[in-house]
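One gets the working numbering by counting positions in the sequence shown from 1 and adding 5 to each.
Glycine residues also receive a C-beta, built at the ideal position from the N, C-alpha and C atoms.
Data block below; observations after.
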Amino acid sequence: MRSVKLARTIADLAGSEEMQSAHLAEALQYRPKLMLG
């Protein structure tokens, strides 16, 4: 859910009326990486 909120913020900053897949893709890049054993 945080990624969707971040994507909405990115869309707002870009001046976009609607959130696009590119905004969500950018938001997903900011997620912390999983650290595997």
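With a 10 Å radius around the Cβ and a threshold of 16 neighbouring Cβ atoms, A16 comes out buried. Spatial neighbours of R13 in its own chain (CB-CB distance under 6 Å, excluding positions within 5 residues in sequence) are listed in chain order as M24.
Judged by DSSP in its simplified three-state form, E22 adopts coil rather than helix or strand. Taking R36 as the centre and dropping the five residues before and after it, the same chain places the C-beta of S8 closer than 7 Å to its C-beta, in chain order.
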